[in-house]
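Per full-length UniProt numbering, numbering of the sequence shown is gapless, rising by one per residue and ending at 153.
A quick write-up on the structure given underneath.
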Amino acid sequence: MDNKKMNNPLIYRRILLTVDEDDNTSSERAFRYATTLARDYAVPLGICSVMESEDINIFDSLTPSKIQAKRHHVEDVVAEYVKMAIEDGVENVEPLVYEGGDVDDVILERVIPDFKPDLLVTGADTQFPHSKIAGAIGPRLAKKAPISVIVVR
Numbered sequence: 001m002d003n004k005k006m007n008n009p010l011i012y013r014r015i016l017l018t019v020d021e022d023d024n025t026s027s028e029r030a031f032r033y034a035t036t037l038a039r040d041y042a043v044p045l046g047i048c049s050v051m052e053s054e055d056i057n058i059f060d061s062l063t064p065s066k067i068q069a070k071r072h073h074v075e076d077v078v079a080e081y082v083k084m085a086i087e088d089g090v091e092n093v094e095p096l097v098y099e100g101g102d103v104d105d106v107i108l109e110r111v112i113p114d115f116k117p118d119l120l121v122t123g124a125d126t127q128f129p130h131s132k133i134a135g136a137i138g139p140r141l142a143k144k145a146p147i148s149v150i151v152v153r
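So, in structure tokens, the structure goes:
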């Protein structure tokens, strides 16, 4: 074991926070953790949410105004988290809103390559009785991501 390597601190230089506009509890906890790290280490923070296609029923998907309203809602949620992060002292915050496909696939295949974080912070997901795979996004990201992942409970 190389002692010099072991004594070097592990510092993350770019943090990506995922927020679920449907799950305030897990998103708020992950937000608190990610903003604390970003503020204390003075590193950029990306705050990301993915507009989930499953949340739009077939009839709404045929109505452009309904899709636009959903898109604006997700953008507003991310903008509110960005505002709170800035108020908490994070100097460099970037809003990231994506859509289309499975949430974890969009994050892994598009958001991470675009933002280039070295740490992903995500909530543990609150379980909803109507969801087929409740609580699965955080752990799936932890398994598949090419970067460090912290799942906050």
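Where a beta carbon is used, it is the ideal one built from N, C-alpha and C, also for glycine.
- At a Cβ-Cβ threshold of 9 Å, V149 and A142 count as neighbours.
- Within the DSSP secondary-structure output, I112 pairs in no beta bridge.
- In this structure, M51 and R71 form a Cβ contact; the two beta carbons are roughly 6 Å apart against a cut-off of 8 Å.
- In summary, A69 is exposed, with fewer than 16 beta-carbon neighbours lying within 10 Å of its beta-carbon over all protein chains present.
- In this structure, the straight-line span from the alpha carbon of L45 to that of A34 is close to 8 Å.
- Its Cα nearest to that of S26, the residue V121 stands out among V121, I11 and K144.
- By the C-beta density criterion, S65 is exposed, having fewer than 16 other C-beta atoms within 10 angstroms.
- Cα atoms of L10 and E21: separation of roughly 31 Å, rounded to the nearest angstrom.
- Taking the Cα positions, E80 is about 44 Å away from N3.
- A distance below 7 Å between beta-carbons, with the five flanking residues on each side excluded, links G138 to the following residues of its chain, in chain order: T122, G123, A124, D125 and V151.
- Assignment of beta-bridge partners to M51 by DSSP yields E99.
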